[in-house]
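Peer 1: Reading the sequence shown from the start, the letters are residues 0 to 159 in numbering that gives the first Met the number 0.
Below are the structure tokens for one structure; questions will follow.
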Amino acid sequence: MGNSEKLHTLAYELLPLYQDLDANVKKVINEHVEECDVCKGHLDNVQETFGIHEEPIDEQVQYIEKVKPSPFKKLILFKRSLLVLMLMVRFLILGMIIYLAQSYLGNASLITSSVILFYFPFVCLTNAVHYLFFKSKLFWIIISFDILILLFFDNLLISF
């Protein structure tokens, strides 16, 4: 077996690893591929199969880092959904109290008891959850809103 046959055998075996080869080895293989039609066809086949890219690995890593989703994406989605759900239930309870106030023509004791019976327990539970998940100024805004509702909602409904 001559040197050219050894080079052909080595080049043919290294072609599937072409992308991972050192620059000097790639240069030797490219020189051999220019002379050998069999290796040139094999290199073309390998490039089509494995999709050899000339793009540097650093650029690929930067692209993956840029596209990679946030690890806390589901937690953020859960917190937003929880906030929207609690606000919807809060306004549903207030709507129910307004409906009762209009049905019974502003009976003050009924409105006050409805606020205490329905709204107050819900406020206690949701504010505990808000404190755990939303320790920001949003928590204090919701607390202030709830205090205003508990203190003045019955008087507001009676005046209308």
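Glycine included, each C-beta is placed from N, C-alpha and C at the ideal position.
This structure is a prediction, so every number in the text was calculated from the model and none was measured.
#1: On a CA-only basis, which of P15, L81, L124 is nearest E47? Give me that one, please.
#2: Using DSSP with H/G/I as helix, E/B as strand and the rest coil, what is N184?
#3: Does the distance between the C-beta of V45 and the nearest non-hydrogen atom of the ligand FAD fall short of 7 Å?
#4: Report the residue from Y17, Y62, S69, F119 whose alpha carbon sits nearest the alpha carbon of N44.
#5: Kindly give me the distance between the Cβ atoms of V114 and D145, rounded to whole angstroms, as I take these residues to be in contact under 8 Å.
#6: Around the C-beta of M85, are 16 or more other C-beta atoms found within 10 angstroms, so that it is buried, or is it exposed?
#7: Excluding five sequence neighbours on each side, which residues of the same chain lie with their C-beta closer than 8 Å to the C-beta of H31?
#8: Mind reading off the beta-carbon distance from F121 to V88? Whole number of angstroms is fine, and I expect it under 8 Å.
#9: Whole angstroms are fine: how far does the CA of I141 sit from the CA of Y118?
#10: Quick check: what's the CA-CA separation for F49 versus E34?
#11: In angstroms, rounded to a whole number, what distance separates the CA positions of I110 and L99?
Peer 2: Reading off the structure:
#1: For the purposes of this step, residue 47 is identified with residue 48 of the sequence shown, where counting begins at 1. The shortest Cα separation from E47 among P15, L81, L124 belongs to P15.
#2: With the chain covering only 0 through 159, there is no way to say anything about residue 184.
#3: The ligand FAD is not part of this structure, which contains no ligands at all.
#4: Numbered from 1 along the sequence shown, position 45 holds the residue referred to as residue 44. Of all alpha-carbon atoms in Y17, Y62, S69, F119, the one lying nearest the alpha-carbon of N44 is that of Y17.
#5: Walking along the sequence shown from the start, residue 114 turns up at place 115. Walking along the sequence shown from the start, residue 145 turns up at place 146. Not really, about 11 Å apart at Cβ, beyond 8 Å.
#6: Walking along the sequence shown from the start, residue 85 turns up at place 86. Counting Cβ neighbours within 10 Å, M85 comes out buried, since at least 16 surround it.
#7: In the sequence shown, counting from the first residue as 1, residue 31 sits at position 32. Only L6, H7, A10, C38 meet the Cβ criterion.
#8: Along the sequence shown, read from residue 1 onward, the residue named residue 121 stands at position 122. Along the sequence shown, read from residue 1 onward, the residue named residue 88 stands at position 89. About 7 Å; that satisfies the 8 Å criterion.
#9: Position 119 of the sequence shown holds residue 118. Position 142 of the sequence shown holds residue 141. One C-alpha to the other measures close to 13 Å.
#10: Taking the first residue of the sequence shown as 1, we reach residue 49 at position 50. Taking the first residue of the sequence shown as 1, we reach residue 34 at position 35. The alpha-carbon atoms of F49 and E34 are separated by roughly 23 Å.
#11: As a working note, residue 110 is residue 111 in the sequence shown. As a working note, residue 99 is residue 100 in the sequence shown. Looking at the two C-alpha atoms, the distance is approximately 8 Å.
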